[in-house]
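*Asks:* Using the UniProt record's numbering, read the sequence shown as starting at 1 and increasing by one per residue.
Glycine included, each C-beta is placed from N, C-alpha and C at the ideal position.
Please find one structure pasted underneath; my questions will follow.
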Amino acid sequence: MPARAISLEQQQQLIEIVRDAAKTEILPRFRNLSEEAIRAKSAPDDLVTDADQGAERMMTAAIRELLPEATVIGEEAVADGSANLDDIAGAELALIIDPVDGTWNFARGLNQFGVILAATSFGETIFGLLYDPMADDWIVARHGEGAWFGRPDGTQRRLQVSDTDKFDEMVGSTSIRLFPKPQQYQLAATFPDFQRMMAFGCACHEYRTMAFGFVDFMLTGKLMPWDHAAGLMIHAEAGGYSALLDGTPYRPTIHQGTVLAASSRAHWEQLREKFSFLV
Numbered sequence: 001m002p003a004r005a006i007s008l009e010q011q012q013q014l015i016e017i018v019r020d021a022a023k024t025e026i027l028p029r030f031r032n033l034s035e036e037a038i039r040a041k042s043a044p045d046d047l048v049t050d051a052d053q054g055a056e057r058m059m060t061a062a063i064r065e066l067l068p069e070a071t072v073i074g075e076e077a078v079a080d081g082s083a084n085l086d087d088i089a090g091a092e093l094a095l096i097i098d099p100v101d102g103t104w105n106f107a108r109g110l111n112q113f114g115v116i117l118a119a120t121s122f123g124e125t126i127f128g129l130l131y132d133p134m135a136d137d138w139i140v141a142r143h144g145e146g147a148w149f150g151r152p153d154g155t156q157r158r159l160q161v162s163d164t165d166k167f168d169e170m171v172g173s174t175s176i177r178l179f180p181k182p183q184q185y186q187l188a189a190t191f192p193d194f195q196r197m198m199a200f201g202c203a204c205h206e207y208r209t210m211a212f213g214f215v216d217f218m219l220t221g222k223l224m225p226w227d228h229a230a231g232l233m234i235h236a237e238a239g240g241y242s243a244l245l246d247g248t249p250y251r252p253t254i255h256q257g258t259v260l261a262a263s264s265r266a267h268w269e270q271l272r273e274k275f276s277f278l279v
């Protein structure tokens, strides 16, 4: 069956849905959370807050009004069992929500957090949005139309990934805690070969920084679709290349493996060889 598309009008409406939820549910709680408003899910550092849950409920209701035919997959709905990741593959239109990406940062008063929204059709990403509530700006992409930075005043700028060539001049990002302990030591040993290695604790800003051309590559060992479906599409629309380390193209229906995103296919191949011990 043919894939759906998100229209320019729907794109703007989705941006406004995210902005409204951030203003209503997220920003008023930033640096204003009680201990009871922060809870652990699968692990002590896997957190959920009242802001995550409130923003997801608000966005879900608004998306269902805008796109009543869509399947909505929220991170917190999956966590409580009211949504199912398996529904992404067969949905003609699915909206995947990460209401507060970087919850650990948010819960500790660090301003590196964001909202991620992706639209998929039959398991392929067709739209991505990376929103920064603190700056009230966003990066969006629709399939085949490039990656664009936008602001409320109407400012728009097309984005392009970096053109750095040499390893020792590259800036990378990864979180070693997402890999098994023995591989953490091996991965950390590669850090001195690059100019800088970053750990954002927030996929939204990780992908934004790559789209702006300031980070050359990203490596991750955790593949939840609310973290990566939008960002990897935006990265591709900005000229980048990504795949699992075994060469499999990324899809939002793949939830196991290691993804490497680089500024070009040639750089991906070079970096894949560097990180081959992770395969």
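Determine the burial state of L8: buried for a count of at least 16 other Cβ atoms within 10 Å of its Cβ, exposed for fewer.
*Replies:* Around the CB of L8, fewer than 16 other CB atoms lie within 10 Å, so the residue is classed as exposed.
*Asks:* Is L93 helix, strand or coil by DSSP?
*Replies:* coil
*Asks:* Determine the closest residue to H228 out of S242, E65, E273, with distance taken between C-alpha atoms.
*Replies:* Per the C-alpha coordinates, the member of S242, E65, E273 positioned closest to H228 is S242.
*Asks:* Starting from Q156, follow its DSSP beta bridges and name the residues at the other end.
*Replies:* By DSSP's assignment, Q156 forms a beta bridge with G150.
*Asks:* Can you tell me which of A141, T258, I63 puts its alpha carbon nearest to the alpha carbon of T220?
*Replies:* T258
*Asks:* Classify P194 as helix, strand or coil using the three-state DSSP reduction.
*Replies:* Residue identity differs from the one stated: residue 194 is Phe in this sequence, not Pro. Coil at F194, not helix or strand.
*Asks:* Along the chain, where does the alpha helix (DSSP H) that runs through D20 open and close?
*Replies:* Unbroken alpha helix (DSSP H) run through D20: 8-21.
*Asks:* Whole angstroms are fine: how far does the CA of D163 sit from the CA of S263?
*Replies:* Cα to Cα, S263 sits roughly 7 Å from D163.
*Asks:* Rounded to the nearest angstrom, what separates I73 and E145 at their Cα positions?
*Replies:* So the two alpha carbons sit approximately 25 Å from each other.
*Asks:* Go through the segment 29-104 residue by residue and report every complete run of the beta strand (DSSP E) that reaches 3 residues or more, in order.
*Replies:* 38-40, 47-49, 71-74, 94-101
*Asks:* Could you tell me which residues DSSP pairs with V259 in its beta bridges?
*Replies:* T220, L244
*Asks:* Using CA atoms only, rank isn't needed, just tell me which of D52, M224, G247 is closest to R272.
*Replies:* G247
*Asks:* Excluding the five sequence neighbours on either side, which residues of its own chain have a C-beta within less than 8 Å of the C-beta of M224, listed in chain order?
*Replies:* E75, H255
*Asks:* Got a sec? Which residues, its chain only, sit under 8 Å from L66 by beta carbon, not counting five neighbours each side?
*Replies:* Q10, Q13, L14, I17
*Asks:* Classify residue 342 as buried or exposed, calling it buried when 16 or more other Cβ atoms lie within 10 Å of its own Cβ.
*Replies:* Only positions 1 to 279 of the chain appear in the structure, and residue 342 is not among them; the question remains open.
*Asks:* What span of residues does the beta strand (DSSP E) with G231 cover, start to end?
*Replies:* First-last for G231: 225-237, but that is the alpha helix (DSSP H), not the beta strand (DSSP E).
*Asks:* Give the C-beta separation of G117 and A230 to the nearest angstrom, bearing in mind that I take them to be a contact with Cβ-Cβ under 8 Å.
*Replies:* Per the sequence shown, residue 117 should be read as Leu rather than Gly. Contact flag correct, Cβ pair sits at about 6 Å.
*Asks:* Could you tell me the boundaries of the alpha helix (DSSP H) in which Y185 lies?
*Replies:* 181-188
*Asks:* Check whether the segment 75-85 touches the segment 50-66, taking contact to mean three or more Cβ pairs, one atom from each stretch, closer than 8 Å.
*Replies:* Counting Cβ pairs under 8 Å, three or more are found: they touch.
*Asks:* What does the alpha-carbon distance come out to for the pair R29 and R196?
*Replies:* 33 Å
*Asks:* Can you tell me whether Q156 is buried or exposed, with buried defined as 16 or more other CB within 10 angstroms of its CB?
*Replies:* exposed
*Asks:* Here's the rule I'm using: 16 or more other beta-carbon atoms within 10 Å means buried, otherwise exposed. How should residue 282 be labelled?
*Replies:* Look at the range of the chain in this structure, 1 to 279, and you will see that residue 282 is not part of it.
*Asks:* Can you confirm whether the segment 204-211 touches the segment 230-240 when touching is taken to mean that 3 or more C-beta pairs between the two stretches lie within less than 8 Å?
*Replies:* yes
*Asks:* Any idea what DSSP makes of T125, helix, strand or coil?
*Replies:* strand
*Asks:* Counting only beta-carbon separations shorter than 9 Å, does A83 have a partner in chain C?
*Replies:* Going by chain labels, chain C is absent from the structure shown, which holds only one protein chain.
*Asks:* For W138 and L129, I'd like the C-alpha separation in whole angstroms.
*Replies:* Each residue's alpha carbon lies about 7 Å from the other.
*Asks:* Do I6 and P99 have their C-beta atoms within less than 9 Å of each other?
*Replies:* no
*Asks:* For I116, which beta-bridge partners are listed by DSSP?
*Replies:* D98, L130
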